[in-house]
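Quick notes on the structure that follows.
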Amino acid sequence: MSSRDSILSKIKNNQPTSVSELPSLSFLGLDKIDVIETYKTVLKGIGGFCEEVSSLDEVKAYIAAHNPADKRKITTLPEFADIAETEWTNDDPHSLQNVELAIVKAHFGVAENSGLWVTDAILGQRVSPFIPQYLSIIVNKKDILATMQQAYERIGDLDYGFGTFIAGPSKTADIEQSLVLGAHGARGLTVFLIE
Amino acid sequence: MKNTIDHSTAAATFNKDVERVNWHDETLWFVRSKRDKSAHAIPEWEALRETASNIKNNVLSNMHTYLQEFEANALKNGIVVHWAADGDEHNKIVHSIIAKHGVTQMVKSKSMLTEECHLNEYLADNGVEVIDSDLGEFIVQLRKEPPSHIVLPAIHLKKEDVSDTFNEHLGTEKGNNDPQYLTEAARKELRDTFLTRKVALTGVNFAVAETGEFVVCTNEGNADMGAHLADVHIACMGFEKLIPQRKHLGVFLRLLARSATGQPITTFSSHFKKPREGQEMHIVIVDNGRSTQLGREDFRNSLKCIRCGACMNTCPVYRRSGGHSYHNAVAGPIGSILAPNLDMKKNADLPFASTLCGSCTNVCPVKIDIHDQLYKWRQVLVKEGYTPSSKTMAMKGMSAVLANPSVFKIAGKAGRFVMKNLPFMVNNNLNAWYKQREMPAPPEESFREWYAKKAKESKDKK
Chain A
6 MSSRDSILSK
16 IKNNQPTSVS
26 ELPSLSFLGL
36 DKIDVIETYK
46 TVLKGIGGFC
56 EEVSSLDEVK
66 AYIAAHNPAD
76 KRKITTLPEF
86 ADIAETEWTN
96 DDPHSLQNVE
106 LAIVKAHFGV
116 AENSGLWVTD
126 AILGQRVSPF
136 IPQYLSIIVN
146 KKDILATMQQ
156 AYERIGDLDY
166 GFGTFIAGPS
176 KTADIEQSLV
186 LGAHGARGLT
196 VFLIE
Chain B
437 MKNTIDHSTA
447 AATFNKDVER
457 VNWHDETLWF
467 VRSKRDKSAH
477 AIPEWEALRE
487 TASNIKNNVL
497 SNMHTYLQEF
507 EANALKNGIV
517 VHWAADGDEH
527 NKIVHSIIAK
537 HGVTQMVKSK
547 SMLTEECHLN
557 EYLADNGVEV
567 IDSDLGEFIV
577 QLRKEPPSHI
587 VLPAIHLKKE
597 DVSDTFNEHL
607 GTEKGNNDPQ
617 YLTEAARKEL
627 RDTFLTRKVA
637 LTGVNFAVAE
647 TGEFVVCTNE
657 GNADMGAHLA
667 DVHIACMGFE
677 KLIPQRKHLG
687 VFLRLLARSA
697 TGQPITTFSS
707 HFKKPREGQE
717 MHIVIVDNGR
727 STQLGREDFR
737 NSLKCIRCGA
747 CMNTCPVYRR
757 SGGHSYHNAV
767 AGPIGSILAP
777 NLDMKKNADL
787 PFASTLCGSC
797 TNVCPVKIDI
807 HDQLYKWRQV
817 LVKEGYTPSS
827 KTMAMKGMSA
837 VLANPSVFKI
847 AGKAGRFVMK
857 NLPFMVNNNL
867 NAWYKQREMP
877 APPEESFREW
887 YAKKAKESKD
897 KK
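Respectively, the protein sequence lines represent chains A and B.
Numbering of the first sequence is given in the working numbering, commencing with residue 6 and proceeding in unit increments.
Numbering of the second sequence is given in the working numbering, commencing with residue 437 and proceeding in unit increments.
This is how it looks when you write it as C-alpha cells:
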C-alpha cells in the first residue's frame, strides 16, 4: 500500500465515529465600529503610515516629496507611469532587487488589523510587495471592511493564484523582543486612503 | 541520537543563572500580557475561540474526507502532492525534489514540522546546505542550537549573544549590540540568499480543503521572499493543518497572531493557490504519529493546535526552564502532550514538567484541554512503566503511608521530630523541596493530636 493510502486508512480507522457539525459564523464580526478611524489607529500601532487623500495627484505629490527621485520605482497603475516604471511585470523577478519603492493598489482593507488584500491580478509580480525597500498601497475608503469575517465574505470563491494580506511594514522582534522594522520585506508602508 | 537530558536536570542547569532566568521569565510574561491586551480588545474573543475549537472538532472527525478533498483541489491547481508516513519519508521526499533539480542549496522559512523531522541534519548529511531565513531561526542555526520557542526561536538569547554570533559569522562590529544594526546585517546577508536559491521550503499555517490552497503567515516576509524568487516551492505540513473552507481562515487569522504576540495579525498572511508561471509547487503532507494521536481519544484534541505559542508564554514552568529543557521540536505545555505520542520512553518526563495550574488551557485559542491532557498522560506513562523508578518508589512509599492511619501517625511524628531536632537532614540538597526554599517551621503537634486535645478539653469543661 502507498503511504498515501495507508495514512488515509489509518486516519479513517482512528477519527471519531460521528462527524461533529461545523459551527455557523454568521454571528461573528457584527460589532459596530468606526472602520476608518479603527483602520488608521491600528495601522499606526503596527508601524505603518496613513495618508488620507482625495485624488491620485495628491498621492503622486506625496510620493515625490517623500522619496528620492533617482531611485527605482515600479507600479502597476498606469496613472503613475510618469513617476514609476510600468514595464516590468514580465521580467525575471530577481531583476526587481534594486527597487526602492513599489506603488500598488489593494482590493480592500480590514479595519481590525489594518491588513490590505492584494492578489496576482494587481501585483504585477508576486514578489513586488516584498522585494522593494518601501511600499505604497492605495485603497478606496469605501473598501475598508470591519473584520476578517467581512473580508472572506468579500473574497468569496474568487479564483487567484496568490493573494496576501499585508499589515504594516515587514518586521521582527527576534532579538530580545526589540521591534525592528524592515526584516526582509519593505522597511516602510504608506497606505493612501482615497475618497 | 544524542543522549536526552531530562527536563528537570536541564531546568536546574538553566536556573543556575538567576538573573537570566528572571529576564527570560519576564520577557515571556510581557508577551503574554500583550496577548491579553489584544484579546480583550475583541468583545467576541470567547466566541471566536469556541468557534475555532468547533471547526477543529469537525476537521478531526472528518479528516479522511477533507484530506482527499484538499488533495484533489491542490492537484487541480497544479500543485504536486506528496504523502509521508514519517519523518524519514518526509526528508527523503524533500531531498528527492532538490536532487531532481540538481541543486545543493535551499532557503527555508519557519517550519516546526521540519524541526520535528530533523530535515536540516538529513539534508546536510546528503550534501544539501539549508539556510533558515526567519531571523530567530537564522541566529540559532548559526549557533548550532535548535529553536527554543516555536514563535520566538531565539527568545533564550540576549542581544549580546546575538552580537557575538554575528561578529563571528557575519563580521559585524564586536560589541555592537544594537538590534537595529544586527537585524540590518542579517537582512543584507539573507537578501543575497533569497536571490540565489532555486528551491525554497516553507511551512504551512492552514490548508483549505475547499480550495486546495495553503496559507503561510510571517512578520518578516521571509517565506514570500524565498518562495516568489525560487523556481521550486516546497511546502511541508502535518495533516492537522487542514481547515474545511476558506471563510474559516477569518476565524483562525483573527486568533493566531493575537494569541501569539498580541499583534492584530501577522504582517503577511499569504495564500498560495497555484504555482506562478514557470514555477513548480509541491506540498508534502506528513503523518509522523498524528494518525495515532487521532486515535487516542484523550489526546486527539492536541491536533487542534495552531502553533501560536500562547501556552508557552503563560506557563510558569516554561518561563523558568527555557524551551531547550523540553528536548522536543515543540516545547512547553502543548509540546509536552505531543511529544509522548512520538516517543513515550524518551518524553516520559515532559507531562510532569507542569504545575497543572491550567493557565495554558485558559489562553489556548482553540480551547485544547492542555492541562487535563498533561494529567492524563502522567497516568498513561505510569501505567506503561515509563516513569523514573525513584518517582515510582516515592509514590509507592507515600501510598503505603497514606493508606494506613497508624503508619501515617508515626511518620508524621518522625517528620516533626526530624525537622525540629535534626533540621540538617531535610535542609540539604538531597531534598528537592529544599531547593530555593526554606523548609517551614515544624508544627508543635499534628492536627489529630490538636483535635484529640480540644475534644478532651471541651469534654472536661462539661
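Idealized CB from N, CA, C, for every residue including glycine.
Closer than 9 Å by beta-carbon distance: list the chain A residues that pair up with residue i, in chain order.
{"i": "leucine 484(B)", "result": "Leu33"}
{"i": "proline 801(B)", "result": "Under the 9 Å cutoff, chain A gives no residues; its nearest Cβ is about 14 Å from proline 801(B)."}
{"i": "asparagine 490(B)", "result": "Ser25, Glu26, Leu27 and Pro28"}
{"i": "asparagine 783(B)", "result": "Going along chain A, no residue has its Cβ under 9 Å from asparagine 783(B), so there is no contact; the nearest lies around 20 Å."}
Show which residues of chain A have a CB atom less than 7 Å away from the CB atom of residue i.
{"i": "glycine 768(B)", "result": "None at all; the shortest Cβ gap to chain A is about 17 Å."}
{"i": "proline 479(B)", "result": "Asp36"}
{"i": "glutamine 616(B)", "result": "Val185"}
{"i": "glycine 657(B)", "result": "Phe135, Ser175, Ala188, His189 and Gly190"}
{"i": "lysine 709(B)", "result": "Tyr165, Gly166 and Phe167"}
{"i": "lysine 594(B)", "result": "Glu181"}
{"i": "histidine 664(B)", "result": "Pro98, Arg131, Val132 and Phe135"}
{"i": "asparagine 857(B)", "result": "In chain order: nothing, as chain A lies at least about 50 Å away."}
Check the Cβ of residue i against every Cβ in chain B and list those closer than 9 Å, keeping chain order.
{"i": "threonine 195(A)", "result": "Per Cβ cutoff of 9 Å: no residues; threonine 195(A) is ~15 Å from chain B at best."}
Please list the partners that residue i has in chain A, where partner means a Cβ-to-Cβ separation under 8 Å.
{"i": "cysteine 500(B)", "result": "The amino acid at residue 500(B) is misidentified as cysteine; the sequence shows histidine. Here the neighbours are Leu13, Ile16, Lys17 and Gln20."}
{"i": "methionine 661(B)", "result": "Val132, Phe135, Ile136, His189 and Gly190"}
{"i": "threonine 487(B)", "result": "Pro28, Leu30 and Leu33"}
{"i": "alanine 590(B)", "result": "Asp179 and Ile180"}
{"i": "glutamate 525(B)", "result": "Ser8"}
{"i": "threonine 703(B)", "result": "Ile51, Ile171, Ala172, Gly173, Pro174, Ser175, Lys176 and Gly190"}
Using 8 Å for Cβ pairs, my map puts residue i next to residue j. What's the rounded Cβ distance?
{"i": "leucine 817(B)", "j": "proline 787(B)", "result": "6 Å"}
{"i": "alanine 775(B)", "j": "asparagine 783(B)", "result": "4 Å"}
{"i": "histidine 592(B)", "j": "histidine 760(B)", "result": "7 Å"}
{"i": "alanine 188(A)", "j": "leucine 858(B)", "result": "That pair is no contact at about 60 Å."}
{"i": "histidine 585(B)", "j": "valine 564(B)", "result": "That pair is no contact at about 26 Å."}
Can you name the residues that DSSP bridges to residue i?
{"i": "valine 564(B)", "result": "Looking at the DSSP assignment, valine 564(B) forms no beta bridge with any residue, so it has no partner."}
{"i": "histidine 476(B)", "result": "In the DSSP output, where bridge partners are listed per residue, histidine 476(B) has none listed."}
{"i": "histidine 718(B)", "result": "Val516(B) and Ile670(B)"}
{"i": "valine 635(B)", "result": "Val668(B)"}
{"i": "phenylalanine 642(B)", "result": "Val651(B)"}
{"i": "leucine 194(A)", "result": "Leu140(A)"}
{"i": "phenylalanine 54(A)", "result": "Thr195(A)"}
{"i": "glutamate 820(B)", "result": "Partner(s): none; glutamate 820(B) has no beta bridge."}
{"i": "lysine 78(A)", "result": "Leu106(A)"}
{"i": "glycine 168(A)", "result": "Thr124(A) and His707(B)"}
{"i": "glutamate 90(A)", "result": "Ile79(A)"}
{"i": "lysine 176(A)", "result": "Leu186(A)"}
In three-state terms, what does DSSP make of residue i?
{"i": "valine 862(B)", "result": "coil"}
{"i": "phenylalanine 735(B)", "result": "coil"}
{"i": "phenylalanine 2(A)", "result": "This structure leaves residue 2(A) out entirely; chain A is present only between 6 and 200."}
{"i": "alanine 847(B)", "result": "helix"}
{"i": "threonine 22(A)", "result": "coil"}
{"i": "glutamate 625(B)", "result": "helix"}
{"i": "threonine 728(B)", "result": "helix"}
{"i": "isoleucine 586(B)", "result": "coil"}
{"i": "lysine 580(B)", "result": "coil"}
{"i": "lysine 889(B)", "result": "helix"}
{"i": "leucine 186(A)", "result": "strand"}
{"i": "lysine 37(A)", "result": "coil"}
{"i": "threonine 487(B)", "result": "helix"}
{"i": "glutamine 872(B)", "result": "coil"}
{"i": "proline 73(A)", "result": "coil"}
{"i": "proline 878(B)", "result": "coil"}
{"i": "asparagine 764(B)", "result": "coil"}
Using a Cβ cut-off of 8 Å, pull out every chain B residue sitting near residue i, in sequence order please.
{"i": "histidine 71(A)", "result": "Within chain B, no residue comes near histidine 71(A); the closest Cβ sits about 21 Å away, beyond 8 Å."}
{"i": "phenylalanine 54(A)", "result": "What phenylalanine 54(A) touches in chain B: nothing, since even the nearest Cβ is about 15 Å away."}
{"i": "glycine 129(A)", "result": "Neighbours of glycine 129(A) on chain B: none; closest Cβ ~12 Å, over 8 Å."}
{"i": "isoleucine 160(A)", "result": "Arg682"}
Please compile the residues from chain B whose C-beta is within a distance smaller than 7 Å of the C-beta of residue i.
{"i": "methionine 153(A)", "result": "Gly686, Leu689 and Arg690"}
{"i": "histidine 112(A)", "result": "Ordered by position in chain B, no residue passes the 7 Å Cβ test against histidine 112(A), which lies about 13 Å from the chain."}
{"i": "glutamate 117(A)", "result": "Pro700"}
{"i": "tyrosine 157(A)", "result": "Arg682, Lys683, Leu685 and Gly686"}
Nearer than 7 Å: is that true of the beta carbon of residue i relative to any heavy atom of the ligand NAD?
{"i": "proline 680(B)", "result": "No copy of the ligand NAD occurs in the structure displayed, which carries no ligand at all."}
Entirely enclosed beta strand (DSSP E) segments - the stretch 658-707 of chain B, minimum 3 residues: List check, beta strand (DSSP E) in window: 668-674.
Length-filtered (3 minimum) beta strand (DSSP E) runs lying within the stretch 503-565 of chain B: The qualifying runs are 516-520 and 541-544.
Beta strand (DSSP E) runs wholly inside the stretch 105-156 of chain A, at least 3 long, in chain order: Every beta strand (DSSP E) stretch that sits fully inside the stretch 105-156 of chain A and reaches 3 residues is listed by chain position as 106-110, 113-115, 121-124 and 139-145.
Length at least 4, wholly inside the stretch 767-809 of chain B: the alpha helix (DSSP H) runs in chain order: If we require 4 residues or more, the alpha helix (DSSP H) runs fully inside the stretch 767-809 of chain B come out as 768-778 and 795-799.
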